[in-house]
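In our numbering, the protein residues as written are 200 to 736.
Beta carbons are placed, not taken as given, at the ideal position from N, Cα and C, and that holds for glycine.
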(Lines of atoms letter the chains of each structure in order from A and count residues from 1; the text may use other names and numbers.)
(Lines give C-alpha, C1' and ligand atoms only; values in the text may rest on other atoms or scores of the structure.)
Protein backbone atom coordinates (compact mmCIF):
# COMPACT_ATOMS: atom_id res chain seq x y z
CA UNK A 1 0.00 0.00 0.00
CA UNK A 2 1.30 3.44 -0.94
CA UNK A 3 1.50 6.01 1.84
CA UNK A 4 1.37 9.77 1.71
CA UNK A 5 3.62 12.33 3.35
CA UNK A 6 2.96 16.03 3.83
CA UNK A 7 5.44 18.78 3.04
CA UNK A 8 5.85 19.38 6.78
CA UNK A 9 6.50 15.70 7.37
CA UNK A 10 9.08 15.54 4.60
CA UNK A 11 10.86 18.66 5.85
CA UNK A 12 11.01 17.15 9.34
CA UNK A 13 12.56 13.99 7.91
CA UNK A 14 15.14 15.97 5.95
CA UNK A 15 16.11 18.00 9.02
CA UNK A 16 16.26 15.06 11.45
CA UNK A 17 19.63 13.45 10.84
CA UNK A 18 18.60 10.56 13.11
CA UNK A 19 15.51 9.68 11.09
CA UNK A 20 17.42 7.16 9.00
CA UNK A 21 18.08 6.74 5.33
CA UNK A 22 15.51 7.29 2.62
CA UNK A 23 15.31 7.97 -1.09
CA UNK A 24 13.68 11.18 -2.32
CA UNK A 25 12.84 10.70 -5.99
CA UNK A 26 11.26 13.11 -8.47
CA UNK A 27 9.72 11.09 -11.31
CA UNK A 28 9.18 13.89 -13.83
CA UNK A 29 11.23 14.11 -17.01
CA UNK A 30 14.52 15.89 -16.38
CA UNK A 31 13.58 18.90 -18.49
CA UNK A 32 10.49 19.41 -16.34
CA UNK A 33 12.31 18.56 -13.11
CA UNK A 34 14.91 21.28 -13.75
CA UNK A 35 12.26 24.00 -13.75
CA UNK A 36 11.64 23.55 -10.03
CA UNK A 37 12.39 20.71 -7.61
CA UNK A 38 13.31 19.98 -4.01
CA UNK A 39 17.00 20.45 -3.23
CA UNK A 40 17.80 16.82 -2.48
CA UNK A 41 15.34 15.19 -4.89
CA UNK A 42 16.98 12.76 -7.31
CA UNK A 43 15.54 12.79 -10.81
CA UNK A 44 14.51 9.33 -12.00
CA UNK A 45 11.87 9.90 -14.68
CA UNK A 46 8.95 7.50 -14.72
CA UNK A 47 9.99 6.74 -18.31
CA UNK A 48 13.27 5.24 -17.10
CA UNK A 49 12.35 4.11 -13.60
CA UNK A 50 13.12 0.44 -14.20
CA UNK A 51 16.50 1.28 -15.71
CA UNK A 52 17.76 3.39 -12.79
CA UNK A 53 15.95 2.45 -9.59
CA UNK A 54 18.08 -0.55 -8.62
CA UNK A 55 21.31 1.43 -9.05
CA UNK A 56 20.13 4.51 -7.15
CA UNK A 57 17.85 2.95 -4.52
CA UNK A 58 19.00 -0.67 -4.21
CA UNK A 59 17.37 -1.57 -0.87
CA UNK A 60 13.72 -2.44 -1.42
CA UNK A 61 12.84 -2.03 2.26
CA UNK A 62 14.29 1.49 2.52
CA UNK A 63 11.72 4.31 2.64
CA UNK A 64 11.10 5.93 -0.74
CA UNK A 65 9.37 9.30 -1.10
CA UNK A 66 8.14 10.10 -4.61
CA UNK A 67 7.35 13.59 -5.81
CA UNK A 68 6.02 15.16 -8.98
CA UNK A 69 4.38 18.39 -10.07
CA UNK A 70 1.03 17.40 -8.64
CA UNK A 71 0.16 15.69 -11.93
CA UNK A 72 -0.19 12.08 -10.78
CA UNK A 73 3.14 10.75 -12.06
CA UNK A 74 4.27 9.89 -8.52
CA UNK A 75 1.22 7.68 -7.97
CA UNK A 76 1.99 5.85 -11.22
CA UNK A 77 5.59 5.37 -10.13
CA UNK A 78 4.51 4.14 -6.69
CA UNK A 79 2.46 1.39 -8.32
CA UNK A 80 5.48 0.33 -10.38
CA UNK A 81 7.82 0.26 -7.38
CA UNK A 82 5.36 -1.65 -5.23
CA UNK A 83 5.19 -4.24 -8.00
CA UNK A 84 8.97 -4.59 -7.82
CA UNK A 85 8.92 -5.30 -4.09
CA UNK A 86 9.57 -1.84 -2.64
CA UNK A 87 7.70 -1.99 0.65
CA UNK A 88 7.84 1.56 2.06
CA UNK A 89 6.76 3.92 -0.71
CA UNK A 90 5.14 7.30 -0.05
CA UNK A 91 3.96 10.10 -2.32
CA UNK A 92 4.49 13.77 -1.44
CA UNK A 93 1.00 15.22 -1.07
CA UNK A 94 0.41 17.87 -3.71
CA UNK A 95 3.90 17.51 -5.16
CA UNK A 96 6.19 20.47 -5.68
CA UNK A 97 3.35 23.05 -5.73
CA UNK A 98 2.37 22.01 -2.21
CA UNK A 99 6.00 22.10 -1.08
CA UNK A 100 6.37 25.66 -2.35
CA UNK A 101 3.02 26.71 -0.90
CA UNK A 102 4.16 25.47 2.50
CA UNK A 103 7.18 27.78 2.38
CA UNK A 104 9.62 25.34 0.81
CA UNK A 105 12.14 26.44 -1.80
CA UNK A 106 12.18 25.02 -5.33
CA UNK A 107 15.45 24.85 -7.24
CA UNK A 108 16.05 25.01 -10.96
CA UNK A 109 18.74 23.10 -12.82
CA UNK A 110 20.32 19.72 -12.24
CA UNK A 111 22.87 18.32 -9.75
CA UNK A 112 21.99 21.24 -7.52
CA UNK A 113 23.36 19.99 -4.16
CA UNK A 114 26.79 19.50 -5.75
CA UNK A 115 26.76 22.84 -7.54
CA UNK A 116 25.54 24.71 -4.48
CA UNK A 117 28.28 23.02 -2.49
CA UNK A 118 30.89 24.30 -4.94
CA UNK A 119 29.69 27.85 -4.38
CA UNK A 120 29.70 27.24 -0.62
CA UNK A 121 33.34 26.10 -0.83
CA UNK A 122 34.41 29.17 -2.77
CA UNK A 123 32.74 31.47 -0.24
CA UNK A 124 34.14 29.59 2.75
CA UNK A 125 37.68 28.97 1.52
CA UNK A 126 38.22 32.06 -0.59
CA UNK A 127 39.39 29.91 -3.50
CA UNK A 128 41.52 32.15 -5.76
CA UNK A 129 40.41 32.65 -9.34
CA UNK A 130 41.51 34.30 -12.55
CA UNK A 131 39.24 35.82 -15.17
CA UNK A 132 39.22 34.70 -18.79
CA UNK A 133 40.98 37.89 -19.88
CA UNK A 134 43.64 37.46 -17.18
CA UNK A 135 44.26 33.86 -18.23
CA UNK A 136 44.46 34.83 -21.91
CA UNK A 137 47.08 37.44 -21.06
CA UNK A 138 49.06 34.91 -19.01
CA UNK A 139 49.03 32.39 -21.86
CA UNK A 140 49.98 35.01 -24.46
CA UNK A 141 52.85 36.31 -22.32
CA UNK A 142 54.38 32.84 -21.93
CA UNK A 143 53.94 32.74 -18.16
CA UNK A 144 55.23 29.59 -16.48
CA UNK A 145 51.87 27.94 -15.98
CA UNK A 146 49.71 24.92 -16.74
CA UNK A 147 45.97 24.81 -17.39
CA UNK A 148 44.32 21.65 -16.07
CA UNK A 149 40.83 20.81 -17.32
CA UNK A 150 38.96 18.99 -14.56
CA UNK A 151 36.24 17.46 -16.78
CA UNK A 152 36.03 13.94 -18.22
CA UNK A 153 37.91 13.43 -21.47
CA UNK A 154 34.76 13.40 -23.63
CA UNK A 155 33.81 16.87 -22.39
CA UNK A 156 37.38 18.10 -22.83
CA UNK A 157 37.44 16.88 -26.44
CA UNK A 158 34.29 18.85 -27.18
CA UNK A 159 36.00 22.11 -26.31
CA UNK A 160 38.92 23.20 -24.13
CA UNK A 161 41.01 26.20 -23.16
CA UNK A 162 44.08 26.50 -25.45
CA UNK A 163 47.12 24.72 -23.92
CA UNK A 164 44.82 22.94 -21.45
CA UNK A 165 45.55 19.37 -20.34
CA UNK A 166 42.74 17.06 -19.30
CA UNK A 167 42.97 15.95 -15.67
CA UNK A 168 39.51 15.08 -14.26
CA UNK A 169 38.69 16.18 -10.69
CA UNK A 170 39.91 13.29 -8.55
CA UNK A 171 42.99 12.93 -10.76
CA UNK A 172 44.32 16.40 -9.95
CA UNK A 173 46.05 15.69 -6.65
CA UNK A 174 47.11 12.31 -8.06
CA UNK A 175 48.81 13.57 -11.24
CA UNK A 176 49.69 17.25 -10.67
CA UNK A 177 53.14 16.58 -9.21
CA UNK A 178 54.41 15.38 -12.59
CA UNK A 179 52.49 17.93 -14.66
CA UNK A 180 53.77 20.87 -12.60
CA UNK A 181 56.91 19.67 -10.77
CA UNK A 182 58.31 23.19 -10.38
CA UNK A 183 56.73 25.00 -7.40
CA UNK A 184 57.03 28.25 -9.36
CA UNK A 185 54.57 27.02 -12.01
CA UNK A 186 51.10 28.54 -11.76
CA UNK A 187 48.31 25.94 -11.90
CA UNK A 188 44.93 27.06 -13.28
CA UNK A 189 42.00 24.65 -13.08
CA UNK A 190 39.02 24.98 -15.39
CA UNK A 191 35.75 23.25 -16.22
CA UNK A 192 32.78 24.29 -18.38
CA UNK A 193 31.26 26.51 -15.70
CA UNK A 194 32.17 26.88 -12.06
CA UNK A 195 31.81 23.85 -9.76
CA UNK A 196 34.59 21.59 -10.98
CA UNK A 197 36.96 24.55 -11.38
CA UNK A 198 36.38 25.56 -7.76
CA UNK A 199 36.48 22.04 -6.31
CA UNK A 200 39.50 21.15 -8.43
CA UNK A 201 41.51 24.21 -7.46
CA UNK A 202 40.57 23.84 -3.81
CA UNK A 203 41.52 20.14 -3.93
CA UNK A 204 45.05 21.13 -4.86
CA UNK A 205 45.13 23.76 -2.13
CA UNK A 206 43.82 21.25 0.42
CA UNK A 207 46.47 18.79 -0.77
CA UNK A 208 49.10 21.36 0.11
CA UNK A 209 50.97 21.54 -3.17
CA UNK A 210 53.55 24.35 -3.15
CA UNK A 211 52.35 25.92 -6.40
CA UNK A 212 50.07 28.91 -6.67
CA UNK A 213 46.64 27.60 -7.69
CA UNK A 214 43.61 29.38 -9.15
CA UNK A 215 40.27 28.45 -10.66
CA UNK A 216 39.27 29.87 -14.03
CA UNK A 217 36.26 32.02 -13.23
CA UNK A 218 33.22 30.65 -15.09
CA UNK A 219 35.27 28.09 -17.02
CA UNK A 220 34.96 27.65 -20.77
CA UNK A 221 31.68 29.59 -20.69
CA UNK A 222 33.46 32.61 -19.25
CA UNK A 223 36.22 32.17 -21.81
CA UNK A 224 33.72 32.12 -24.69
CA UNK A 225 31.73 35.05 -23.28
CA UNK A 226 34.97 37.05 -23.18
CA UNK A 227 35.34 36.47 -26.92
CA UNK A 228 38.24 34.03 -26.80
CA UNK A 229 38.49 30.97 -29.05
CA UNK A 230 38.29 27.44 -27.69
CA UNK A 231 40.12 24.41 -29.03
CA UNK A 232 38.26 21.25 -30.04
CA UNK A 233 39.17 17.60 -30.52
CA UNK A 234 42.33 17.63 -28.40
CA UNK A 235 43.69 14.57 -26.56
CA UNK A 236 46.17 15.97 -24.07
CA UNK A 237 45.83 13.96 -20.84
CA UNK A 238 47.86 14.22 -17.65
CA UNK A 239 50.32 11.30 -17.42
CA UNK A 240 50.27 8.58 -14.80
CA UNK A 241 52.31 9.60 -11.75
CA UNK A 242 55.99 8.75 -11.58
CA UNK A 243 57.29 7.00 -8.44
CA UNK A 244 58.24 10.38 -6.98
CA UNK A 245 54.92 11.90 -8.05
CA UNK A 246 53.00 9.04 -6.43
CA UNK A 247 54.98 9.48 -3.22
CA UNK A 248 53.98 13.13 -3.09
CA UNK A 249 50.36 12.29 -3.92
CA UNK A 250 50.18 9.74 -1.11
CA UNK A 251 51.59 12.28 1.34
CA UNK A 252 49.06 14.86 0.18
CA UNK A 253 46.20 12.38 0.58
CA UNK A 254 47.36 11.59 4.11
CA UNK A 255 47.21 15.28 5.01
CA UNK A 256 43.72 15.57 3.56
CA UNK A 257 42.54 12.44 5.39
CA UNK A 258 43.74 13.85 8.69
CA UNK A 259 42.12 17.25 8.21
CA UNK A 260 38.72 15.98 7.08
CA UNK A 261 38.51 12.80 9.11
CA UNK A 262 38.49 10.36 6.20
CA UNK A 263 38.06 6.84 7.56
CA UNK A 264 39.11 3.54 6.01
CA UNK A 265 37.70 0.04 6.26
CA UNK A 266 39.21 -3.31 5.34
CA UNK A 267 37.72 -6.05 3.20
CA UNK A 268 36.47 -7.92 6.28
CA UNK A 269 34.38 -4.92 7.33
CA UNK A 270 33.11 -4.57 3.78
CA UNK A 271 32.02 -8.21 3.84
CA UNK A 272 30.06 -7.47 7.01
CA UNK A 273 28.45 -4.41 5.41
CA UNK A 274 27.49 -6.48 2.38
CA UNK A 275 25.71 -8.87 4.73
CA UNK A 276 23.86 -5.90 6.22
CA UNK A 277 22.76 -4.52 2.84
CA UNK A 278 19.14 -5.49 3.53
CA UNK A 279 19.07 -3.12 6.50
CA UNK A 280 21.50 -0.38 5.33
CA UNK A 281 21.87 0.76 1.74
CA UNK A 282 25.40 0.20 0.47
CA UNK A 283 27.07 1.84 -2.53
CA UNK A 284 30.45 0.61 -3.78
CA UNK A 285 31.87 3.44 -5.88
CA UNK A 286 35.06 3.00 -7.92
CA UNK A 287 36.44 6.51 -8.31
CA UNK A 288 39.14 5.74 -10.88
CA UNK A 289 38.84 6.54 -14.56
CA UNK A 290 36.25 4.48 -16.48
CA UNK A 291 39.01 2.79 -18.48
CA UNK A 292 40.68 1.57 -15.30
CA UNK A 293 37.34 0.34 -13.98
CA UNK A 294 36.69 -1.66 -17.15
CA UNK A 295 40.16 -3.21 -16.98
CA UNK A 296 39.45 -4.67 -13.53
CA UNK A 297 37.11 -3.80 -10.68
CA UNK A 298 35.62 -5.24 -7.52
CA UNK A 299 32.43 -7.24 -8.13
CA UNK A 300 29.38 -5.22 -7.14
CA UNK A 301 31.06 -1.85 -7.61
CA UNK A 302 30.09 0.79 -10.16
CA UNK A 303 32.23 3.27 -12.04
CA UNK A 304 31.90 6.69 -10.40
CA UNK A 305 34.94 8.82 -11.34
CA UNK A 306 35.71 10.94 -8.31
CA UNK A 307 35.34 14.34 -9.90
CA UNK A 308 31.97 13.42 -11.34
CA UNK A 309 30.84 11.83 -8.09
CA UNK A 310 31.34 15.16 -6.32
CA UNK A 311 29.99 17.19 -9.26
CA UNK A 312 26.84 15.08 -9.72
CA UNK A 313 26.41 12.92 -6.63
CA UNK A 314 22.73 12.35 -7.40
CA UNK A 315 23.72 10.52 -10.60
CA UNK A 316 25.32 7.77 -8.55
CA UNK A 317 23.61 7.71 -5.14
CA UNK A 318 19.87 8.03 -4.70
CA UNK A 319 19.47 7.11 -1.03
CA UNK A 320 20.24 9.84 1.49
CA UNK A 321 22.34 8.84 4.55
CA UNK A 322 23.43 5.55 3.00
CA UNK A 323 26.85 3.92 3.30
CA UNK A 324 29.34 5.02 0.64
CA UNK A 325 32.47 2.93 0.12
CA UNK A 326 35.03 4.51 -2.22
CA UNK A 327 37.48 2.30 -4.08
CA UNK A 328 40.69 2.94 -5.98
CA UNK A 329 44.12 1.36 -6.32
CA UNK A 330 46.22 3.28 -3.80
CA UNK A 331 43.88 5.52 -1.81
CA UNK A 332 44.77 8.91 -3.29
CA UNK A 333 41.72 9.47 -5.47
CA UNK A 334 39.35 7.79 -3.03
CA UNK A 335 40.61 9.92 -0.15
CA UNK A 336 40.33 13.17 -2.08
CA UNK A 337 36.79 12.27 -3.17
CA UNK A 338 35.78 11.15 0.33
CA UNK A 339 36.97 14.45 1.79
CA UNK A 340 34.49 16.32 -0.38
CA UNK A 341 31.56 13.99 0.26
CA UNK A 342 32.16 14.37 3.99
CA UNK A 343 32.07 18.15 3.64
CA UNK A 344 28.87 17.84 1.60
CA UNK A 345 27.25 16.24 4.64
CA UNK A 346 27.25 12.55 3.79
CA UNK A 347 27.49 10.90 7.23
CA UNK A 348 29.07 7.54 6.41
CA UNK A 349 31.78 7.74 3.75
CA UNK A 350 34.80 5.44 3.90
CA UNK A 351 37.76 4.42 1.75
CA UNK A 352 38.34 0.71 1.20
CA UNK A 353 41.88 -0.46 1.89
CA UNK A 354 43.27 -3.09 -0.46
CA UNK A 355 40.05 -3.57 -2.35
CA UNK A 356 41.83 -4.16 -5.66
CA UNK A 357 44.78 -6.17 -4.34
CA UNK A 358 43.41 -9.58 -5.33
CA UNK A 359 43.61 -9.35 -9.12
CA UNK A 360 42.09 -12.81 -9.57
CA UNK A 361 38.89 -11.67 -7.84
CA UNK A 362 38.36 -8.68 -10.12
CA UNK A 363 35.80 -8.43 -12.90
CA UNK A 364 36.39 -6.77 -16.25
CA UNK A 365 34.12 -4.81 -18.55
CA UNK A 366 31.07 -2.80 -17.55
CA UNK A 367 28.32 -4.67 -15.67
CA UNK A 368 24.85 -4.80 -17.19
CA UNK A 369 22.34 -2.89 -15.03
CA UNK A 370 19.57 -4.78 -13.30
CA UNK A 371 16.23 -3.89 -14.91
CA UNK A 372 13.25 -5.12 -12.89
CA UNK A 373 10.22 -5.96 -14.99
CA UNK A 374 12.19 -6.58 -18.17
CA UNK A 375 11.62 -10.33 -18.17
CA UNK A 376 7.87 -9.77 -17.88
CA UNK A 377 7.80 -7.50 -20.94
CA UNK A 378 6.93 -10.05 -23.61
CA UNK A 379 7.16 -8.36 -27.00
CA UNK A 380 8.27 -9.36 -30.46
CA UNK A 381 11.86 -8.49 -31.36
CA UNK A 382 12.93 -7.33 -34.80
CA UNK A 383 16.48 -7.40 -36.13
CA UNK A 384 18.06 -4.54 -38.03
CA UNK A 385 17.74 -6.15 -41.46
CA UNK A 386 14.07 -6.94 -40.99
CA UNK A 387 13.36 -3.41 -39.77
CA UNK A 388 15.18 -1.87 -42.72
CA UNK A 389 13.12 -3.98 -45.13
CA UNK A 390 9.85 -3.16 -43.36
CA UNK A 391 10.63 0.56 -43.37
CA UNK A 392 11.44 0.47 -47.07
CA UNK A 393 8.16 -1.33 -47.79
CA UNK A 394 6.19 1.13 -45.67
CA UNK A 395 5.10 -1.66 -43.34
CA UNK A 396 6.63 -0.26 -40.14
CA UNK A 397 7.36 2.97 -38.30
CA UNK A 398 10.32 3.35 -35.95
CA UNK A 399 9.66 5.03 -32.59
CA UNK A 400 12.83 6.30 -30.89
CA UNK A 401 12.94 6.61 -27.08
CA UNK A 402 16.47 8.09 -26.97
CA UNK A 403 16.83 11.48 -25.35
CA UNK A 404 15.80 14.36 -27.59
CA UNK A 405 19.47 15.39 -27.79
CA UNK A 406 20.52 11.90 -28.88
CA UNK A 407 17.68 11.78 -31.41
CA UNK A 408 18.70 15.15 -32.83
CA UNK A 409 22.29 13.96 -33.23
CA UNK A 410 21.30 10.91 -35.25
CA UNK A 411 18.27 8.65 -35.71
CA UNK A 412 16.78 6.08 -38.07
CA UNK A 413 15.36 7.93 -41.10
CA UNK A 414 11.66 8.52 -40.64
CA UNK A 415 11.71 7.58 -36.95
CA UNK A 416 9.37 9.41 -34.61
CA UNK A 417 10.68 10.59 -31.27
CA UNK A 418 8.66 9.95 -28.11
CA UNK A 419 8.82 9.87 -24.33
CA UNK A 420 7.77 6.58 -22.77
CA UNK A 421 5.69 8.11 -19.96
CA UNK A 422 3.72 10.06 -22.61
CA UNK A 423 3.09 7.23 -25.06
CA UNK A 424 -0.67 7.72 -24.93
CA UNK A 425 -0.20 11.23 -26.29
CA UNK A 426 2.65 10.33 -28.63
CA UNK A 427 1.02 7.37 -30.35
CA UNK A 428 -1.97 9.50 -31.30
CA UNK A 429 0.42 11.76 -33.23
CA UNK A 430 2.21 9.02 -35.18
CA UNK A 431 0.51 8.36 -38.53
CA UNK A 432 0.07 5.03 -40.30
CA UNK A 433 -1.21 1.59 -39.40
CA UNK A 434 1.89 -0.60 -39.75
CA UNK A 435 4.00 -2.12 -37.00
CA UNK A 436 5.47 0.26 -34.44
CA UNK A 437 9.07 -0.79 -33.84
CA UNK A 438 10.51 0.78 -30.71
CA UNK A 439 14.19 1.57 -30.39
CA UNK A 440 16.35 3.41 -27.87
CA UNK A 441 19.89 4.01 -26.70
CA UNK A 442 19.18 1.41 -24.00
CA UNK A 443 17.61 -1.65 -25.68
CA UNK A 444 15.76 -2.48 -22.45
CA UNK A 445 13.88 0.82 -22.68
CA UNK A 446 12.63 -0.08 -26.15
CA UNK A 447 11.32 -3.42 -24.87
CA UNK A 448 9.55 -1.80 -21.92
CA UNK A 449 8.02 0.90 -24.11
CA UNK A 450 6.81 -1.65 -26.66
CA UNK A 451 5.13 -3.59 -23.86
CA UNK A 452 3.45 -0.38 -22.67
CA UNK A 453 2.31 0.46 -26.18
CA UNK A 454 0.66 -2.92 -26.65
CA UNK A 455 -2.13 -1.81 -24.33
CA UNK A 456 -2.41 1.66 -25.88
CA UNK A 457 -2.77 0.92 -29.60
CA UNK A 458 -4.26 -1.64 -31.94
CA UNK A 459 -1.17 -1.50 -34.15
CA UNK A 460 1.34 -4.36 -33.89
CA UNK A 461 4.35 -3.50 -31.74
CA UNK A 462 7.91 -4.78 -31.55
CA UNK A 463 11.34 -3.78 -30.24
CA UNK A 464 14.52 -3.43 -32.27
CA UNK A 465 17.07 -6.00 -31.13
CA UNK A 466 20.12 -4.14 -29.83
CA UNK A 467 18.46 -0.75 -30.17
CA UNK A 468 20.09 2.23 -31.85
CA UNK A 469 23.60 0.87 -31.36
CA UNK A 470 22.74 -2.19 -33.45
CA UNK A 471 21.37 0.00 -36.25
CA UNK A 472 24.57 2.06 -36.28
CA UNK A 473 26.82 -1.01 -36.08
CA UNK A 474 25.09 -2.44 -39.15
CA UNK A 475 25.86 0.73 -41.08
CA UNK A 476 22.27 1.94 -41.13
CA UNK A 477 21.62 5.42 -42.48
CA UNK A 478 21.01 8.22 -39.99
CA UNK A 479 19.11 11.47 -40.16
CA UNK A 480 19.83 14.42 -37.90
CA UNK A 481 17.64 17.13 -36.48
CA UNK A 482 14.31 17.17 -34.68
CA UNK A 483 12.05 16.25 -37.57
CA UNK A 484 9.35 13.98 -36.14
CA UNK A 485 8.54 14.87 -32.53
CA UNK A 486 5.48 12.99 -31.27
CA UNK A 487 5.44 14.92 -27.98
CA UNK A 488 7.19 17.90 -26.40
CA UNK A 489 10.95 17.62 -26.03
CA UNK A 490 11.42 18.63 -22.40
CA UNK A 491 12.81 15.23 -21.45
CA UNK A 492 16.33 16.42 -20.58
CA UNK A 493 18.06 19.54 -19.34
CA UNK A 494 19.57 21.51 -22.22
CA UNK A 495 22.88 23.08 -21.26
CA UNK A 496 24.06 26.21 -23.02
CA UNK A 497 26.28 24.20 -25.36
CA UNK A 498 23.39 21.88 -26.29
CA UNK A 499 21.48 24.55 -28.18
CA UNK A 500 22.08 24.89 -31.90
CA UNK A 501 22.81 28.18 -33.63
CA UNK A 502 19.53 30.00 -34.19
CA UNK A 503 17.69 27.85 -31.67
CA UNK A 504 18.59 30.10 -28.74
CA UNK A 505 20.89 32.95 -27.77
CA UNK A 506 23.76 30.75 -26.60
CA UNK A 507 25.68 33.61 -24.97
CA UNK A 508 22.56 34.57 -23.02
CA UNK A 509 22.10 30.94 -21.96
CA UNK A 510 25.69 30.84 -20.70
CA UNK A 511 25.26 34.00 -18.68
CA UNK A 512 21.92 32.76 -17.37
CA UNK A 513 23.61 29.57 -16.16
CA UNK A 514 26.44 31.45 -14.46
CA UNK A 515 23.99 33.79 -12.73
CA UNK A 516 21.91 30.82 -11.58
CA UNK A 517 24.93 29.04 -10.13
CA UNK A 518 26.28 32.06 -8.25
CA UNK A 519 22.85 32.58 -6.70
CA UNK A 520 22.64 29.10 -5.22
CA UNK A 521 24.27 29.86 -1.86
CA UNK A 522 21.56 32.33 -0.86
CA UNK A 523 18.88 29.97 -2.12
CA UNK A 524 20.28 27.05 -0.12
CA UNK A 525 20.37 29.21 3.00
CA UNK A 526 16.68 30.01 2.54
CA UNK A 527 15.87 26.34 2.04
CA UNK A 528 17.60 25.25 5.24
CA UNK A 529 17.82 21.49 4.55
CA UNK A 530 21.50 21.30 3.51
CA UNK A 531 24.15 20.21 6.01
CA UNK A 532 27.38 21.36 4.40
CA UNK A 533 30.31 21.09 6.81
CA UNK A 534 33.27 23.37 7.42
CA UNK A 535 36.62 22.13 8.78
CA UNK A 536 39.46 24.15 10.28
CA UNK A 537 42.63 24.49 8.15
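Inset, instruction - Within the same chain, show all residues whose beta-carbon is closer than 7 Å to that of residue 695, passing over the 5 residues directly before and after it, in chain order. - result: 420, 705, 708, 709 and 712
Legend entry - Whole runs of the alpha helix (DSSP H) within the region 524-593, excluding any shorter than 4 residues: 531-543 and 583-591
Inset, instruction - Have a look at residue 428 and residue 318 and give me their C-alpha separation to the nearest angstrom. - result: It is roughly 26 Å from the alpha-carbon of residue 428 to the alpha-carbon of residue 318.
Legend entry - alpha helix (DSSP H) segment containing residue 231, residue limits: Looking at the DSSP string, the run of the alpha helix (DSSP H) that includes residue 231 is 229-232.
Inset, instruction - Decide if residue 691 is buried, meaning its Cβ has at least 16 other Cβ atoms within 10 Å, or exposed. - result: buried
Inset, instruction - Kindly indicate if chain C contains any beta-carbon less than 9 Å away from that of residue 419. - result: You won't find chain C in this structure, because it holds only one protein chain.
Legend entry - Touch test, the region 527-543 against the region 442-455, Cβ-Cβ under 8 Å, three pairs minimum: yes
Inset, instruction - Can you grab the Cα-Cα spacing for the pair residue 701 / residue 383, in whole Å? - result: 45 Å
Inset, instruction - Consult DSSP for residue 474 and reduce its assignment to one of helix, strand or coil. - result: helix
Legend entry - Given 8 Å, three or more beta-carbon pairs between the region 393-404 and the region 322-330: yes
Inset, instruction - Would you check if the distance between the CB atom of residue 520 and the CB atom of residue 216 is smaller than 9 Å? - result: yes
Inset, instruction - Could you round the C-beta distance between residue 643 and residue 573 to whole angstroms and report it? I think they count as a contact, below 8 Å. - result: 5 Å
Inset, instruction - Using alpha carbons as the reference points, say which of 264, 551 and 646 lies closest to residue 212. - result: 264
Inset, instruction - Tell me the start and end of each unbroken alpha helix (DSSP H) in the region 655-699 that is at least 4 residues and wholly inside, in chain order. - result: Segments of the alpha helix (DSSP H) lying fully in the region 655-699: 666-672.
Legend entry - residue 459 (DSSP reduced to helix, strand or coil): helix
Legend entry - Residue from 606, 460, 201 and 256 whose Cα sits closest to the Cα of residue 697: 606
Inset, instruction - On the DSSP bridge assignment, give the partners of residue 518 in chain order. - result: 222
Inset, instruction - Assign residue 364 to one of three DSSP states: helix, strand, or coil. - result: Three-state result, residue 364: strand.
Legend entry - Beta-carbon spacing of residue 604, residue 617 below 9 Å: no
Inset, instruction - Indicate the three-state DSSP secondary structure (helix, strand or coil) for residue 292 in the structure shown. - result: coil
Inset, instruction - Can you have a look at residue 638 and say buried or exposed, based on whether 16 or more other CB atoms are within 10 angstroms of its CB? - result: buried
Inset, instruction - Measure the beta-carbon distance from residue 292 to residue 205 and round it to whole angstroms, keeping in mind my assumption that it falls under 8 Å. - result: 5 Å
Legend entry - Given 8 Å, three or more beta-carbon pairs between the region 261-281 and the region 221-231: With a cut-off of 8 Å, the region 221-231 and the region 261-281 count as touching, because enough Cβ pairs lie within range.
Inset, instruction - Kindly indicate which three-state DSSP category residue 637 falls into: helix, strand or coil? - result: strand
Legend entry - Where residue 632 falls, given that 16 or more other Cβ within 10 Å makes a residue buried: Under this definition residue 632 is an exposed residue.
Inset, instruction - Alpha carbon to alpha carbon, how far is residue 280 from residue 247? Give it in angstroms, no decimals. - result: 12 Å
Legend entry - Reference residue 728, options 284, 273, 287 and 303, closest by Cα: 303
Inset, instruction - Let me know the secondary structure DSSP gives residue 618 once reduced to three states. - result: coil
Inset, instruction - List the residues that DSSP assigns as beta-bridge partners of residue 485. - result: Residue 485 is bridged to 502 and 526.
Legend entry - Cα-Cα separation, residue 587 to residue 663: 11 Å
Legend entry - Segment limits, beta strand (DSSP E) that includes residue 204: 202-204
Inset, instruction - Please state if the CB of residue 481 and the CB of residue 550 are separated by a distance shorter than 9 Å. - result: no
Inset, instruction - Using beta-carbon positions only, say whether residue 542 and residue 734 come within less than 9 Å of one another. - result: yes
Legend entry - Beta-carbon gap between residue 508 and residue 369 smaller than 9 Å: yes
Inset, instruction - Could you pull out every residue in the same chain whose Cβ sits closer than 7 Å to the Cβ of residue 496, ignoring the five residues on either side in sequence? - result: Excluding the 5 residues flanking it on each side, residue 496 has same chain C-beta neighbours closer than 7 Å at 485, 561 and 562, in chain order.
Inset, instruction - Identify which residue in 584, 613 and 657 has its Cα closest to the Cα of residue 673. - result: 584
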